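Report on one structure; see the data block that follows.
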């Protein structure tokens, strides 16, 4: 059975929340195009499943967070391959403080695999939840 774009999106965001880093690249086509336009240190698109495997492997090096996707709204479009998903990651940081990271993903899914994605993530909130804001500021200064 081939997953719908909505089903693929839900597997993606729950997989991120649950730290299933090794499974996430398999949601993408071998050749894909993934952008993070709001990335503070610049955006180099990820073009292959292998690049995504490397990208997601960084998650294993981070301390685990208790989080889950929330406030999910999936907009179907006139193109059956494309959805726009609004949501936020919500959880508790290591120090016990609550966080929310607003996101909007625009996904194109063909034959149950993501062939392109533009992931608009609030990177400041994302970095803050992991205690890396000072490091990000230094990176931006240099």
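Numbering (this note's numbering), first residue to last: 217 to 358. Every residue, glycine too, gets a C-beta built ideally from N, C-alpha and C. Source: prediction; values computed, not measured.
Please state whether DSSP places residue 291 in a helix, a strand or coil. strand
Between which two residues does the alpha helix (DSSP H) harbouring residue 232 extend? 221 to 233
Can you tell me where the alpha helix (DSSP H) holding residue 272 begins and where it ends? 265 to 273
Could you check whether the segment 275 to 287 touches the segment 250 to 263, counting it as contact only if at least three pairs of C-beta atoms, one from each stretch, sit closer than 8 Å? no
Between residue 301 and residue 315, which are expected to be in contact by the criterion C-beta below 8 Å, what is the C-beta distance as a whole number of angstroms? Not quite, the Cβ-Cβ distance comes to about 19 Å (not below 8 Å), so this is no contact.
Expressed to the nearest angstrom, what Euclidean distance is found between the alpha-carbon atoms of residue 313 and residue 288? 22 Å
Determine which residues share a DSSP beta bridge with residue 308 and list them. 282, 314
Suppose contacts are defined by Cβ-Cβ distances below 8 Å. Is residue 221 in contact with residue 325 by that definition? yes
Compute the Euclidean distance between the alpha carbons of residue 334 and residue 229, then round it to the nearest angstrom. 14 Å
Whole angstroms is fine: what's the gap from residue 237's alpha carbon to residue 303's? 20 Å
Which of the three DSSP states, helix, strand or coil, is assigned to residue 236? coil
One question on the structure: do residue 306 and residue 286 come within less than 8 Å of each other, judged by their Cβ atoms? yes
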